[in-house]
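Everything below concerns the one structure shown next.
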């Protein structure tokens, strides 16, 4: 359709239009696919909390990892790797959801995100339990020794962050599971 045809059709439509009801006006953005409102939905807030918690956790882990890597062992490296990969994938998914409503409708109610959230919930919760056992039983001597008290405190902080991230990913997995059971058509109506 050329510009002249668009102008003619808009002039013809002006003459035929009914009065507009301004009480129920829906403001559209210039690009209908852009989905900035995603960040204000409960799922958007949950994703934002996952990213922020993982970022703070990553900063704590990077700052204290070199000191205590020999005491805790290889599990701290695995935690660091899973934290970086989970944070990266959550950030990419959140960016895709915020940029495109279609990707949000297609991906969020699929088995992919359900598996992703379930996997990382299991990783973080099992790592939290492992660190709790490690802190309370294996490293109790560090807690009792006044000069080596720092490692116990840092491991408790890491364990709390692991548990919090596990709960956030579990909640996201539960929401994904509910949306997966309902199907994508019902999910589109909820947005």
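Numbering (the working numbering), first residue to last: 44 to 234. Glycine included, every Cβ here is placed at the ideal spot set by N, Cα and C.
Exposure label - residue i; buried when at least 16 CB within 10 Å
i, result
"residue 198", "buried"
"residue 129", "buried"
"residue 159", "buried"
"residue 204", "buried"
"residue 180", "exposed"
"residue 122", "buried"
"residue 73", "Confidence at residue 73 is low in this model, with a pLDDT of 43, below 50, so the placement of that residue should be treated as unreliable; the coordinate-derived value is given next. Exposed."
Spatial distance of residue i from residue j (CA atoms)
i, j, result
"residue 169", "residue 144", "34 Å"
"residue 87", "residue 80", "8 Å"
"residue 69", "residue 171", "Residue placement at residue 69 is flagged as unreliable, the pLDDT there being 43, under the threshold of 50; a coordinate-derived value is accordingly withheld."
"residue 142", "residue 91", "15 Å"
"residue 151", "residue 94", "17 Å"
"residue 164", "residue 178", "21 Å"
"residue 221", "residue 85", "14 Å"
"residue 77", "residue 156", "21 Å"
"residue 124", "residue 137", "20 Å"
"residue 206", "residue 196", "15 Å"
"residue 131", "residue 117", "22 Å"
"residue 98", "residue 219", "23 Å"
"residue 225", "residue 82", "22 Å"
"residue 140", "residue 102", "26 Å"
"residue 194", "residue 107", "9 Å"
"residue 100", "residue 210", "14 Å"
"residue 176", "residue 135", "33 Å"
Contact check, residue i vs residue j, beta carbons under 9 Å
i, j, result
"residue 201", "residue 162", "no"
"residue 126", "residue 104", "yes"
"residue 208", "residue 96", "yes"
"residue 215", "residue 119", "no"
"residue 133", "residue 223", "no"
Whole-angstrom C-beta distance between residue j and residue i, which should lie under 8 Å
i, j, result
"residue 167", "residue 212", "6 Å"
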